[in-house]
Amino acid sequence: MKNSQLFSFLSLLTISFTFTLFMSDYGLKALEVNNSYYKQHKIDHSQHQKILDKDLDFMTNLGLIKGHLMLGKELLVLGEYEQAEPHFGHPVDEIYGNLEPELEARNILSFKTELTILHDLVKFSPQDNKVMSQYDQAMVKIDEAISNLSVEKRNNSEFISQVIKNLLATVKEEYSAAIIGNKVVENVEYQDSRGFVLYSLILYENMDNNSPLKAKMQPILFQIKDAFPQAIPPETIIFSSEKMEQLVNNFPVN
């Protein structure tokens, strides 16, 4: 091959290689731009979902606290002071820590002090007249926190049904932990379950009576309620943990 031909060949090869590199780099940049757009789109969507989930988690945690306190009060009225005490301790010890960042984000005043004072009263002076007034104060604070959610959200049947389902999912777990065979072996877990069902029933009762979803929820929720006839566990369980799981899994949310 002559020198001139070799030079032309090498020149063409260099141009071709340079063009290939350019196109590859361009393709990578285009892909990066596309991926960046996709990721941004994905982030936006997930952030929207997180906002929805935050409302649901927020209301669920408040519902769990209410359920504990309602059951605790029921035991106090029965004079079962020792059994009542854990249900006033759990809201502070187990739930409030998850709730606190959301209260701060929503500029809602903390009510940890009210819960702590209530727990201390129940623990050390359960027959003190201050117990019930402190109970009422704590409940008012919780209701004020709930009112942070829009009226539309609080009146939305699907949202409330999802809150109830979350509460019932905890009922399912606690109930399973409470029983062996046909006996309740862990009173606290049984009572936790009853408390969460009691608050679920309040949410249900406050739903619009014209809501088709309310009618769908009723038979399952009432069957679950029947498993907890009273705050003191029955001698023999009403039905198995397997049936409880089936009922909760079938609870409708739309």
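The numbering used here puts the sequence shown at residues 1 to 254. Beta carbons are placed, not taken as given, at the ideal position from N, Cα and C, and that holds for glycine. Being a predicted model, the structure only gives us computed values, none of them experimental.
With a CB to CB cut of under 8 angstroms and the five nearest residues on each side skipped, what residues in its chain are close to GLN191? Same-chain partners within the cutoff: LEU71, LEU75, GLN83, HIS87, ALA231 and PRO233.
For a test of the three-state rule: what should DSSP assign to HIS41, helix, strand or coil? Confidence is the limiting factor: at HIS41 the pLDDT is only 33, short of 50, which leaves the residue's position unreliable, though a coordinate-based value still follows. Three-state result, HIS41: helix.
Does DSSP classify GLN95 as helix, strand or coil? Looking at the sequence shown, residue 95 is not Gln but Ile. ILE95: helix per DSSP, three-state reduction.
Let me confirm a value: ARG106 is counted as buried when at least 16 other C-beta atoms fall within 10 Å, else exposed. Which label applies? Answer is exposed; the Cβ neighbour count stays below 16.
Measure the beta-carbon distance from LYS112 to SER157 and round it to whole angstroms, keeping in mind my assumption that it falls under 8 angstroms. Under the criterion of beta carbons closer than 8 angstroms, LYS112 and SER157 do not qualify as touching, at roughly 32 angstroms.
VAL184 - partner residues in DSSP beta bridges: For VAL184, the beta-bridge partners assigned by DSSP are ILE179.
Start-end ranges of the alpha helix (DSSP H) lying completely within the stretch 88-173, minimum 4 residues: Segments of the alpha helix (DSSP H) lying fully in the stretch 88-173: 96-105, 112-124, 130-146 and 151-154.
Beta-carbon proximity list for ASN61, same chain, < 7 angstroms, skipping 5 on both sides: Setting aside the 5 residues that flank it on each side, ASN61 is surrounded in the same chain by ILE95, ASN98 and LEU99, each with a C-beta closer than 7 angstroms to its C-beta; the list follows chain order.
Straight-line Cα distance separating TYR135 from HIS90: Rounded to the nearest angstrom, the two C-alpha atoms are 14 angstroms apart.
Tell me whether ILE142 is buried or exposed, calling it buried when 16 or more other Cβ atoms sit within 10 Å of its Cβ. Counting other Cβ atoms within 10 Å of its Cβ, ILE142 reaches 16 or more and is therefore classed as buried.
Rounded C-alpha distance that separates ILE202 from GLY195: ILE202 and GLY195 have their alpha carbons spaced roughly 11 angstroms apart.
Over the uninterrupted alpha helix (DSSP H) stretch that includes GLU242, give me the two end residues. Counting along the chain, the alpha helix (DSSP H) containing GLU242 begins and ends at 241-249.
DSSP on LEU56, reduced to helix/strand/coil? Annotated three-state conformation of LEU56 is helix, per DSSP.
Around the C-beta of ASP208, are 16 or more other C-beta atoms found within 10 angstroms, so that it is buried, or is it exposed? Looking at its Cβ environment, which holds fewer than 16 other Cβ atoms inside 10 Å, ASP208 is exposed.
By Cβ distance, which residues of its chain are closer than 8 angstroms to TYR175, with the 5 residues on each side in sequence left out? Counting only residues of its own chain and dropping the five nearest sequence neighbours on each side, TYR175 has a CB closer than 8 angstroms to the CB of GLU189, TYR190, SER193, ALA227, SER241 and MET244.
Where the alpha helix (DSSP H) containing PHE222 begins and where it ends: Segment 212-226, the alpha helix (DSSP H) holding PHE222.
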